[in-house]
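Engineer: The structure under discussion is supplied below as structure tokens; questions concerning it will follow.
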């Protein structure tokens, strides 16, 4: 049982995001997706969860965009063949940003994660509420239940977004820069929480992340998206090398290494690479 | 406090609706003591009172309730659809098309049945135009929808001014009245109540999806909601509700914008509660406003839209102040 991209070629506004991407996300794995700004990391996540349809040649109406090919499968079944609500029980996503113009409390916002599991006219039961309460506790918002969402700080909103996803608790967690706005201790706490969760071998995380040091520390697999549609995937220690990162960001990277740690330090483009 | 007791809140509003009906039935020229109201029920009251209450005041109060409830639900839906708390049922120009058709019917001197019929058709025409212009190649963005609606609304506004200018002076008073909301003429009630019941049940059935749509299309999509279909539903239902209200009572302002806000200030943004509560509150407000509109300066009648604003503005400002 896995979430899989098969010979996937995507493009946006004429720019190739990936060509013939074959990658398989399995339960128990914690993936990091890395690449420069605008390379298409978010678009790839949206495609994986079916929020963006693949413009195959046959339904490609506009002439100036390149035809896209390939498909996404979940347990060997094309995700387009799932009902949306069934897909939402299996794949969930923490978006890069949320919009909200209306008042709501933290607990209400967390409970929307249960939507796929509640039938039409039903209300949330005590089981759903308990899941939401547990999720808020895990992200450190246990005293915030009745707080208005608009009164939260950026970092607190980010924890709330994660709590909503934890309440949904799908098999696949697609995380678009989940530690944005978090302080450095909170970054470690949240990523530890996720890592422990995926280590239970039942669920899988796919995370867009910019910090190579956090990626090295928490992810066991890495997918690099290069600017020209090329890509590289594999185990973290094989992929996260000084050479690959320098190529990825088109910027010299210095590597500090000891027995357990690798620390990547970006250098100014003009200075020479030391090793 | 009220938030934790939703049923208590809904029952209070139901009680408010009953009170406002009693107020409407007993108030007016020919004051009606409350004992007479009881004698009306067992049929011992004088025929004059019988016809006053059952043929004049009750139908009018029923029309006011329906119009208020229709506008309030339409307001809730329109605010979700455009994800903008400042949206009201008229923002997409539904009322403009309807008003133009109604004024043309008045200009031609048609009877009220034709008047309501053409108002409804005008609203449908406007809905259709907005939908087809904003809905290109299968995708429609909020800003495109809003822009199309606002542009069409200004177009209708110009045509309405034109009709007003070329109309004979003796008809202008009636036209202005209609434009500000008029419940004084006799009209068929059943169609509006059918629209109200259908719209209410439908909105209630999608209320949890409405809660999630407030977080944006992507979040709603990732939680398993078919956004395009949901948006289309909301657009047509809110437009239909608005059309029903306008046909019934002309374009009454303020109710559809403020009632949803007022209820949100008290109980939050959960649509499972917001929709029934807004419907009841909007209905009650309009009954009270209309009763005052026909009595404060009797025998002179005021447009009900003036009264909804006069009652609603202080009430809203008070609640806004208290909630901070």
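Chains as they are written, first to last, in our numbering: chain L, 21 to 295; chain U, 1127 to 1450. Backbone N, C-alpha and C define an ideal beta-carbon position, used for all residues, glycine too.
Would you list, in sequence order, the uninterrupted beta strand (DSSP E) runs of no fewer than 3 residues that lie entirely inside the segment 138-196 of chain L?
Structural biologist: Every beta strand (DSSP E) stretch that sits fully inside the segment 138-196 of chain L and reaches 3 residues is listed by chain position as 192-196.
Engineer: Kindly list the residues whose CB is nearer than 8 Å to the CB of residue 1445 of chain U, restricted to its own chain and excluding five residues on each side of it in sequence; keep chain order.
Structural biologist: So the list reads 1388, 1391, 1392, once near-sequence residues are dropped.
Engineer: Using the Cβ count rule (16 or more neighbours within 10 Å means buried), how would you classify residue 1141 of chain U?
Structural biologist: exposed
Engineer: Per DSSP, residue 37 of chain L forms a beta bridge with which residues?
Structural biologist: For residue 37 of chain L, which the question treats as bridged, DSSP gives no partner whatsoever.
Engineer: Look at the alpha carbon of residue 133 of chain L and the alpha carbon of residue 1179 of chain U, and state the distance between them as a whole number of angstroms.
Structural biologist: 51 Å
Engineer: From residue 1208 of chain U to residue 1361 of chain U, what does the alpha carbon distance come to, in whole angstroms?
Structural biologist: For residue 1208 of chain U and residue 1361 of chain U, the distance between alpha carbons rounds to 9 Å.
Engineer: Name the two residues that bound the continuous alpha helix (DSSP H) containing residue 233 of chain L.
Structural biologist: 232-238
Engineer: Let me know the secondary structure DSSP gives residue 1299 of chain U once reduced to three states.
Structural biologist: helix
Engineer: Pair every Cβ in the segment 1300-1309 of chain U with every Cβ in the segment 1337-1355 of chain U, then say whether three or more of these pairs are closer than 8 Å.
Structural biologist: Verdict: no, contact absent.
Engineer: If contact is defined by three or more beta carbon pairs under 8 Å, each pair taking one atom from either stretch, is the segment 180-195 of chain L in contact with the segment 221-232 of chain L?
Structural biologist: yes
Engineer: Helix, strand or coil: which one does DSSP assign to residue 1204 of chain U?
Structural biologist: helix
Engineer: Where in the segment 93-142 of chain L do unbroken runs of the alpha helix (DSSP H), each at least 4 residues long, occur, reported from the N-terminal end onward?
Structural biologist: 104-110, 126-131
Engineer: Along chain U, in chain order, which residues have C-beta atoms closer than 7 Å to that of residue 154 of chain L?
Structural biologist: In chain order: nothing, as chain U lies at least about 19 Å away.
Engineer: Which residues in the same chain have their Cβ closer than 7 Å to the Cβ of residue 1283 of chain U, if we skip the five residues on either side of it in sequence?
Structural biologist: 1222
Engineer: Buried or exposed: which applies to residue 1376 of chain U, given that a residue is buried once 16 or more other Cβ atoms fall within 10 Å of its Cβ?
Structural biologist: buried
Engineer: Roughly how many angstroms lie between the CA atoms of residue 25 of chain L and residue 1279 of chain U, to the nearest whole one?
Structural biologist: 47 Å
Engineer: Can you grab the Cα-Cα spacing for the pair residue 1136 of chain U / residue 1403 of chain U, in whole Å?
Structural biologist: 6 Å
Engineer: Kindly say whether residue 1338 of chain U, judged by its beta-carbon, lies nearer than 9 Å to any beta-carbon of chain L.
Structural biologist: yes
Engineer: Which of the three DSSP states is assigned to residue 32 of chain L in this structure?
Structural biologist: strand
Engineer: Can you find a C-beta in chain L that's less than 9 Å from the C-beta of residue 1195 of chain U?
Structural biologist: no
Engineer: Mapping DSSP to helix, strand and coil, what is residue 223 of chain L?
Structural biologist: coil
Engineer: Thinking C-beta only, is residue 1253 of chain U closer than 9 Å to residue 1366 of chain U?
Structural biologist: yes
Engineer: Listing by chain order, which chain L residues have their CB less than 9 Å from the CB of residue 1211 of chain U?
Structural biologist: 121, 122
Engineer: Taking the continuous alpha helix (DSSP H) assigned at residue 1321 of chain U, which residues delimit it?
Structural biologist: Per DSSP, residue 1321 of chain U belongs to the alpha helix (DSSP H) from 1316-1331.
Engineer: Taking Cβ positions only, does residue 113 of chain L come closer than 9 Å to chain U?
Structural biologist: yes
Engineer: By how many angstroms is the C-alpha of residue 1176 of chain U removed from the C-alpha of residue 1154 of chain U?
Structural biologist: C-alpha separation (whole angstroms): 14 Å.
Engineer: 9 Å is my cut-off, CB to CB: does residue 1127 of chain U come that close to chain L?
Structural biologist: Reliability fails at residue 1127 of chain U, whose pLDDT of 46 lies under 50, so the model's placement of it is uncertain and the value that follows must be treated cautiously. For residue 1127 of chain U, the answer is no, since every Cβ of chain L falls outside 9 Å of its Cβ.
Engineer: Which residues mark the beginning and the end of the alpha helix (DSSP H) in which residue 1135 of chain U is found?
Structural biologist: Residue 1135 of chain U -> alpha helix (DSSP H) spans 1132-1152.
Engineer: Could you give the DSSP three-state label for residue 1380 of chain U: helix, strand or coil?
Structural biologist: coil
Engineer: Taking 9 Å as the cut-off, decide whether the C-beta atoms of residue 184 of chain L and residue 148 of chain L are in contact.
Structural biologist: no
Engineer: Determine, using beta carbons only, whether residue 1351 of chain U comes closer than 9 Å to chain L.
Structural biologist: yes
Engineer: Taking Cβ positions only, does residue 125 of chain L come closer than 9 Å to chain U?
Structural biologist: yes
Engineer: Just to confirm the assignment, what range does the beta strand (DSSP E) spanning residue 229 of chain L have?
Structural biologist: It is not in any beta strand (DSSP E) - residue 229 of chain L carries neither H nor E in the DSSP assignment.
Engineer: Could you name the residues of the same chain whose beta carbon sits closer than 6 Å to that of residue 262 of chain L, not counting the 5 residues immediately before and after it, in chain order?
Structural biologist: 273, 275
Engineer: Going by C-alpha distance, which of U/1331, U/1436, U/1370 is nearest residue 142 of chain L?
Structural biologist: Nearest Cα to residue 142 of chain L within the set U/1331, U/1436, U/1370: U/1331.
Engineer: On the premise that residue 1305 of chain U lies in contact with residue 1225 of chain U, defined as a C-beta separation below 8 Å, what is that separation, rounded to the nearest angstrom?
Structural biologist: 6 Å
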